[in-house]
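Visitor:
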Amino acid sequence: MTTSPARLLPRHPGEGRALPHHGHGAYTAHVDPDMCIVAAEPDFARQFDRTSADTCGRSLFDLLHPSCPPTLHGQFARLSRGRCDRFSERMVGVGRSGRVFSGELTGVAVQNLDGRLAGIVVQVRPDAQPPLLGSDPLPAMSRILLDPLDAQILEGIASGASTVQLAARLYLSRQGVEYHIRLMLRRLEAPNRAALVARAHSLGLLAVGQWPPRVLPEFVERER
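Heads up, the sequence shown is in our numbering, so the first residue is 241 and it goes up one at a time.
(1) Which residue or residues does DSSP assign as beta-bridge partners of F341?
(2) At the level of alpha carbons, what is the spacing between G374 and I384?
(3) For W451, collect the residues of the same chain with a Cβ closer than 7 Å to its Cβ; drop the 5 residues on either side in sequence, then sort them by chain order.
(4) In angstroms with no decimal places, state the Cα-to-Cα distance between D274 and D283.
(5) Take the Cβ of G263 as the centre, count every other Cβ of all protein chains shown within 10 Å, and call the residue buried at 16 or more, exposed below.
(6) When you compare the CB positions of R454 and A447, do they come within less than 8 Å of one another, or not?
(7) Between the beta-carbon of G347 and the beta-carbon of L319, is there less than 8 Å?
(8) Using three-state DSSP, classify P366 as helix, strand or coil.
(9) Suppose contacts are defined by Cβ-Cβ distances below 8 Å. Is M424 in contact with L443 by that definition?
(10) Starting from the Cα of R323, find the closest Cα among H420, A293, R356 and Q405 and give me that residue.
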């Protein structure tokens, strides 16, 4: 007998449970149409420094850093309205301890027999984290010093600002903004913007728990 897709999800958040691990670096959870996590495999929860029981019942957005691009929220809205069946977007997750990591998030709509949205299957693929520059984290961190403009650009990226918004805010061309971003990506050994934000957090460049994001003064060069 074929199982109805709607049966993939518990009927109530209180029925939250652990899912089997699917492997290949992708970790899975199920969320209801209100974005509440109703089931999660242990390794999914572990990415956020939680257990499956502690993860279920929470909003998925509670596990994502505020710097996640606004397009991620828009993609979930499109799924909920039936405008697409699946999507993949860059994400920045945050653990209970404040640890930040980047990765790719995929959402897949699950429909019931009436064709209405029953829930969403969410898969998270964390990026491979590069080692800290050098063997000792402290010397590595002490060598990182951003000029004031790069610090402002990093703060903007961490707040979710686009290249166009940063260009208008800082009176730069879009090409100028992209140039500075490329330099920071290379310097911090990050493959993309989401990873750059996660890397900056892991190195302590950004103030913990502060919004909008701010680069700590000790990592900004003094203007001459």
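In this text, a Cβ means the ideal position worked out from N, Cα and C, and glycines have one as well. Note that the structure is a prediction, hence the values are computed from the model and not measured.
Guide: On the basis of the data shown:
(1) Position 101 of the sequence shown holds residue 341. Paired residue(s): G333.
(2) Within the sequence shown, residue 374 is the residue found at index 134, counting from 1. Within the sequence shown, residue 384 is the residue found at index 144, counting from 1. Confidence is the limiting factor: at G374 the pLDDT is only 43, short of 50, which leaves the residue's position unreliable, though a coordinate-based value still follows. Going from the Cα of G374 to the Cα of I384 covers about 12 Å.
(3) Here residue 451 corresponds to residue number 211 of the sequence shown, with the count starting at 1. So the list reads P306, once near-sequence residues are dropped.
(4) As a first step, residue 274 is located in the sequence shown; it is residue number 34 there, counting from the start. As a first step, residue 283 is located in the sequence shown; it is residue number 43 there, counting from the start. Their backbone Cα atoms lie some 23 Å apart in a straight line.
(5) Within the sequence shown, residue 263 is the residue found at index 23, counting from 1. Note that G263 scores a pLDDT of 46, beneath 50, so its modelled location is shaky; the value from the coordinates is reported in the next line. It counts as exposed.
(6) Indexing the sequence shown from 1 puts residue 454 at position 214. Indexing the sequence shown from 1 puts residue 447 at position 207. Going by beta carbons, R454 and A447 fall inside the 8 Å limit.
(7) On the sequence shown, position 107 is the one that residue 347 refers to. On the sequence shown, position 79 is the one that residue 319 refers to. Contact flag set, yes.
(8) Position 126 of the sequence shown, counted from the start, is the residue given in the question as residue 366. Collapsing the DSSP output to three states places P366 in a strand.
(9) Counting from 1 along the sequence shown, the entry for residue 424 is found at position 184. Counting from 1 along the sequence shown, the entry for residue 443 is found at position 203. The answer is no: Cβ separation not under 8 Å.
(10) Translated into the one-based positions of the sequence shown, residue 323 becomes position 83. Comparing Cα positions, the closest option is R356.
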